[in-house]
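Residue numbers (my numbering), protein chains in the order written: chain D, -17 to 227; chain B, -4 to 216; chain R, -4 to 216; chain Z, 4 to 206; chain L, 4 to 206.
Don't be surprised by glycine CBs; every beta carbon is placed ideally from N, CA and C.
For reference, the structure is listed below as structure tokens.
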Amino acid sequence: MTSRLFQFAAPQAFFPIAGKLIPWFAVLAGVLALAGLYVAFFIAPTDHQQGEAYRIIFIHVPAAWVSMFLYLVMAGWAGLGLALNTRLSGMMASAIAPTGAMFTFLALWSGALWGKPTWGTYWVWDARLTSELVLLFLYLGFMALKAAIPDPVRADRAGAILALLGVVNVPIIYFSVQWWNTLHQGASVSLTRAPSMAATMLLGMLLMAFAAWMYSFATAFSRVRAIILERERDAEWVRLQRAAA
Amino acid sequence: MHSFVSVLRRELQIALRRKGDALNVLVFFIVVASLFPFGVGPEANQLRAMAAGVAWIAALLAAVLSLPRLFAADHADGTLEQMLVAPQPLALVVLAKITGHWLLTGLPLALAAPLIGLQYGLPADALGLLIVSLLIGTPVLSFLGAAGAALTLGVRGGGALLALLILPLFVPVLVFGAGAVTAGLTGINPSAHLSLLGAILAVSSLIGPWAACAALRVALD
Amino acid sequence: MHSFVSVLRRELQIALRRKGDALNVLVFFIVVASLFPFGVGPEANQLRAMAAGVAWIAALLAAVLSLPRLFAADHADGTLEQMLVAPQPLALVVLAKITGHWLLTGLPLALAAPLIGLQYGLPADALGLLIVSLLIGTPVLSFLGAAGAALTLGVRGGGALLALLILPLFVPVLVFGAGAVTAGLTGINPSAHLSLLGAILAVSSLIGPWAACAALRVALD
Amino acid sequence: MLETSALACERGGLRLFSDVNLTLAPGGLLRVRGANGSGKTTLLRTLAGLTRPAAGEVRWRGNPIGDDYRREMLFLGHAAAVKDELTVLENLEFSSRFSCLEISESKIKSALESLGIARLADLPARYLSQGQRKRAALARLALSAGVPLWLLDEPFAALDDEGIAQLRKICAAHLAGGGMLVLTSHQDVEIACAAAWSVELRG
Amino acid sequence: MLETSALACERGGLRLFSDVNLTLAPGGLLRVRGANGSGKTTLLRTLAGLTRPAAGEVRWRGNPIGDDYRREMLFLGHAAAVKDELTVLENLEFSSRFSCLEISESKIKSALESLGIARLADLPARYLSQGQRKRAALARLALSAGVPLWLLDEPFAALDDEGIAQLRKICAAHLAGGGMLVLTSHQDVEIACAAAWSVELRG
Ligand code: HEM
Ligand SMILES: Nc1ncnc2c1ncn2[C@@H]1O[C@H](COP(=O)(O)OP(=O)(O)OP(=O)(O)O)[C@@H](O)[C@H]1O
Ligand SMILES: Nc1ncnc2c1ncn2[C@@H]1O[C@H](COP(=O)(O)OP(=O)(O)OP(=O)(O)O)[C@@H](O)[C@H]1O
Ligand SMILES: [Mg+2]
Ligand SMILES: [Mg+2]
């Protein structure tokens, strides 16, 4: 009975909560981004090696972090749905995927733009770049697979399996610079060591990362609301909602 | 175990009946590998540098071509349904099908690789490396490919979707497989590449069959 | 004529229903083309020299991947039988299916070729040549491929056999298609290559549908 | 109108039947009977011009069968020729347009109704049950009154009682209108007609 | 022994049936009736554990169904699970070995005989007629006397009168031996049994 409750109550309960939270996340995202950009362009010092070009870091690194993190969150939701058969989980995973793909694309794009001045080329087939590209394809594959299966329950479960399968790629992205010595830079922010970069740079990056994170919440929640409405269009509460609106 | 043996036996039996299906994969492999010089131009040095990559890409495409059929026929004629309701653990059945796939595509390709190596003028030790890398790497294609095939089962237009799902996953295999040979050619110790390939094999042998089983249950719900 | 239109419309309708089947072919094309640098190594000069060959090989493999499905579904569900007993000339039906195949695979590939060209650093005029050569050459793949698909229909393990049958026929197309671009790159007049490609197109547009019709009648006897 | 003379068919080197002489006139019903594997499907496919006979000939209006024949004949094998991706309505539209039947929206709708699947018109055929799928294939018959010869292989299989009654009505109307009907069936379904023949195939 | 409690199934968001409560004891026969598309196949697949119910539960010997159940249940859907490439004999050998049935050459032979296809033992299944193919799939039943529960979807479809009689005999023997049988069928075939129930599904 509890699982039944779980299964049927969740989307309905989540819908209004998400609706209330979205503006907050959106505003937070905006504020944090403005602060981050301010730090990035007006406070952080010019790099003595790379000049101004290094400021791409404030887009690149947060985007890369969030792209990986969102994948883990998406796979987590998907796995939850597979294990517990909760309906909201699959919708959450679907809602996160496009944002994740967007940040992955942003990381690739900003990295490529950064590569030109620093490495002299937009693209090299190095391990981190490759595995990040694989991440993009995993997001796209996840969305394509879900789109190809018309029955939403089956689509959720099939998508969940693929998402879980792809989780292996995330540690590969993260540790690839340690496992293979490549062009790309290693981690300079670590929990165990003192940060090797300037405090202002770290601050800017963190601000931007949080902004991206809040933005992800806002977009994922608004997307999940649309998905809930579509999937539950025949449910009583949606009809009431529509009647009220 | 006995269900593993009986499924595997049946796979091989059916392949034999289809008169030379395994042979087809081989010939396909050779034809694709022979196509490259046409597209790229026949300079000997360039060819030698490309040999491993070409052999590996051919192996990869042969896998992609054969994978849509891995479960489709059993799905269409109801055999898969029977496998799901049978007392046997589904994982054993899937493992048997994966083994059959590798014996019929991966293994022949690994054994035929010397042909391509010779065609492209690869020296003997690089040839050996090529075979070893194919022997370690092609099972990965079968393991991950089985998961992809199960995920796209019953999804019409599955062939192209399957390719889309698994080709990106095959990339690391290709990189390290071809990388090992190139390393050998340029005098670098290839063992790092090969051990990475081994690690990928270990991981995929665990997650591939798991994902395939789960996906099959979903497909037949 | 009206049967041509209704069959073609149905082909496109079905493709649309499969949600992005055509898109899948495109993405596959791009993925395959992106794979090559992994296997072959990322030197910019070498890449530029290979660009046309790679685009062409990718187009060719996309065709090979999609061809087994050209008649298979219609065969399995009895539609093909209906097409044979219908009052419509079979040739028109086959022509409509070939057109549909080209619109869904060849045309998008030709239009997407610039992406690959840019990725590999191809100059603008070579890019134009690549598109033109693909526009003339990919219909050949559909014409000849249809004949191959019909011949291997109902033959189990047909996918690999099909590849084996048609890849050799596709070689000339590949040679002249990629050749035209390479000629353009090196300053030679590419019109000889292109007109040869045109001639192949003319011939294959006559014999392809005819062979496909004959083979379909045999397959359903 | 439909005649066969000394028709014989082989499968895998084995003679399935030989010396089958049939004549079917307008309004006539021909039942092909026989045990499983006796060659009923093979005979029907031969009549439709799909399988080439080992000996003998099929004639239509006195001539060997050809393009004219195809315009006046409708064959439904046991494969339903229903596309999973298309809806029931789209399937029917395509199949009838393809056989050069005159259609209109109201005709299509009443055809679906006459087989009790009007409700399913917009469901993709992938989701149909076996009997519903069969009905979707048979709906074409309701539009084919003008086609003189119908060849139906096991049309009653998978149908429930209501479906059988609906199909019987359609067949009876076809025969009453001067049509001809050849069918195989393991179920003995009565069909009202002016003249009924039956041919028994034995292994 | 086989019980369902408040079983409900959905397809494409539509409730096909709900609140189905069944009990089947040894020797019992359960007929699932209903019009085309009423959910008979779906119910059988749910009983077999292939489809997950939207609500309710299937229980076997008092427990939710699991691995034990699969050992004691045999499901034959409408797809015959017969491989075109293998001969009739090889198909039967594989399917029975795969379901852990004890087989021997003589048992296999008599199973084929009991469905009248001993003559076809060495023919690749590709060449079978529809009815012969169905018989090849059903031959496994003749080896499955020890399996308590049979779930058969339209077992009589495509069979001729002789085939129906043979299958009736096999089913009656199974029931007489304390087996349980659930079947769907549009043909009303008598089967001798101690206790018969029927469940009617309506859309
Ligand atoms: C398309 C090309 C690129 C991709 C896909 C890419 C990908 C990534 C990823 C996934 C991360 C996060 C991993 C981590 O935090 O350890 C990252 C971090 C980083 N990337 Fe890139 N990158 C690219 C190009 C570049 C370029 C050209 C540079 C500069 C020369 C660069 C410099 C950095 C730096 C400094 C970090 C932060 C490392 C840290 O502090 O942890 N990246 N990149
Ligand atoms: N290659 C072959 N070798 C031997 N026998 C063959 C071969 N191909 C087909 N046959 C036989 O030809 C017959 C085909 O019969 P057909 O399908 O016409 O039967 P049917 O009367 O329609 O049967 P059903 O009632 O089962 O539908 C079958 O008996 C089959 O075994
Ligand atoms: N996605 C969907 N949307 C709407 N209806 C669906 C969907 N999928 C399945 N259905 C319906 O579910 C039912 C499935 O029924 P099922 O196959 O169990 O019927 P059945 O009783 O076995 O019928 P038959 O006698 O024809 O074999 C059908 O009515 C079908 O139209
Ligand atoms: Mg028949
Ligand atoms: Mg049914």
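Proximal residues of chain B, C-beta to C-beta of residue i below 8 angstroms
{"i": "residue 97(L)", "result": "1 and 5"}
{"i": "residue 76(L)", "result": "80"}
Listed by chain order, chain L residues near residue i by CB distance under 8 angstroms
{"i": "residue 138(D)", "result": "Those within 8 angstroms of residue 138(D) in chain L number zero; the least Cβ separation is about 13 angstroms."}
{"i": "residue 12(B)", "result": "88, 89 and 127"}
{"i": "residue 100(B)", "result": "Chain L residues near residue 100(B): none, gap ~18 angstroms exceeds 8 angstroms."}
6 angstroms CB neighbourhood of residue i in its chain, flanking five on each side removed
{"i": "residue 206(B)", "result": "142"}
{"i": "residue 140(B)", "result": "58, 62 and 161"}
{"i": "residue 93(D)", "result": "42"}
{"i": "residue 51(Z)", "result": "78 and 154"}
{"i": "residue 190(L)", "result": "159"}
{"i": "residue 180(R)", "result": "121"}
{"i": "residue 215(D)", "result": "none"}
Exposure label - residue i; buried when at least 16 CB within 10 Å
{"i": "residue 39(L)", "result": "buried"}
{"i": "residue 31(D)", "result": "exposed"}
{"i": "residue 176(D)", "result": "With a pLDDT of only 48 at residue 176(D), under 50, the local geometry of the prediction cannot be trusted, and the value read off the model is given with reservation. Answer is exposed; the Cβ neighbour count stays below 16."}
{"i": "residue 0(R)", "result": "exposed"}
{"i": "residue 213(R)", "result": "exposed"}
{"i": "residue 219(D)", "result": "exposed"}
{"i": "residue 108(D)", "result": "buried"}
{"i": "residue 201(R)", "result": "exposed"}
{"i": "residue 108(Z)", "result": "exposed"}
Chain-order list of residues whose beta-carbon lies under 8 angstroms from that of residue i (same chain, five-residue window excluded)
{"i": "residue 134(L)", "result": "161, 162, 163 and 166"}
{"i": "residue 65(D)", "result": "none"}
{"i": "residue 43(Z)", "result": "35, 36, 37, 156, 187 and 204"}
{"i": "residue -2(B)", "result": "81, 83, 84, 87, 88 and 91"}
{"i": "residue 181(Z)", "result": "29, 30 and 151"}
Extent of the continuous beta strand (DSSP E) to which residue i belongs
{"i": "residue -4(R)", "result": "No beta strand (DSSP E) holds residue -4(R); DSSP gives it neither H nor E."}
{"i": "residue 12(L)", "result": "5 to 14"}
{"i": "residue 91(L)", "result": "Looking at the DSSP string, residue 91(L) is not in any beta strand (DSSP E); the run it does join, the alpha helix (DSSP H), is 91 to 101."}
{"i": "residue 63(L)", "result": "58 to 63"}
{"i": "residue 185(L)", "result": "183 to 187"}
{"i": "residue 199(Z)", "result": "198 to 204"}
{"i": "residue 147(Z)", "result": "From DSSP, residue 147(Z) is part of no beta strand (DSSP E); its letter is neither H nor E."}
{"i": "residue 37(Z)", "result": "31 to 37"}
{"i": "residue 24(Z)", "result": "17 to 27"}
{"i": "residue 164(L)", "result": "Run containing residue 164(L): none in the beta strand (DSSP E); it sits in the alpha helix (DSSP H), 164 to 179."}
Chain L contact residues for residue i, given Cβ-Cβ distances below 7 angstroms
{"i": "residue 54(Z)", "result": "Those do not exist, as residue 54(Z) stays about 13 angstroms from chain L at its closest Cβ, beyond 7 angstroms."}
Segment limits, alpha helix (DSSP H) that includes residue i
{"i": "residue 71(L)", "result": "70 to 74"}
{"i": "residue 186(D)", "result": "181 to 213"}
{"i": "residue 69(R)", "result": "64 to 71"}
Residues that residue i contacts on chain R, provided the C-beta gap is smaller than 7 angstroms
{"i": "residue 22(B)", "result": "159"}
Cross-chain neighbours of residue i in chain L, by beta carbon under 9 angstroms
{"i": "residue 7(Z)", "result": "Within 9 angstroms Cβ-Cβ: nothing; residue 7(Z) doesn't reach chain L, min ~20 angstroms."}
Within chain B, the residues that residue i reaches when beta carbons sit closer than 7 angstroms
{"i": "residue 3(L)", "result": "The structure shown does not extend to residue 3(L), since chain L spans only 4 to 206, so no value can be given for it."}
Proximal chain B residues relative to residue i, where beta-carbon distance stays under 9 angstroms
{"i": "residue 86(D)", "result": "What residue 86(D) touches in chain B: nothing, since even the nearest Cβ is about 12 angstroms away."}
{"i": "residue 128(R)", "result": "Ordered by position in chain B, no residue passes the 9 angstroms Cβ test against residue 128(R), which lies about 12 angstroms from the chain."}
{"i": "residue 119(D)", "result": "159, 160, 162, 163, 164 and 166"}
Sequence-distant residues of its chain with Cβ nearer than 7 angstroms to residue i (five each side left out)
{"i": "residue 97(B)", "result": "133, 134 and 137"}
{"i": "residue 150(B)", "result": "156"}
Interface residues of chain D facing residue i [CB-CB closer than 9 angstroms]
{"i": "residue 15(L)", "result": "132 and 133"}
Under 7 angstroms by beta carbon: chain D residues contacting residue i
{"i": "residue 216(B)", "result": "136"}
{"i": "residue 204(B)", "result": "By Cβ distance, chain D contributes nothing, its closest Cβ being about 11 angstroms from residue 204(B), past 7 angstroms."}
**Request:** Output the residues surrounding ligand 4, defined as those with a CB atom closer than 7 angstroms to any ligand heavy atom, in chain order.
**Result:** 43(Z), 44(Z), 81(Z), 156(Z), 157(Z), 187(Z), 132(L), 133(L) and 134(L)
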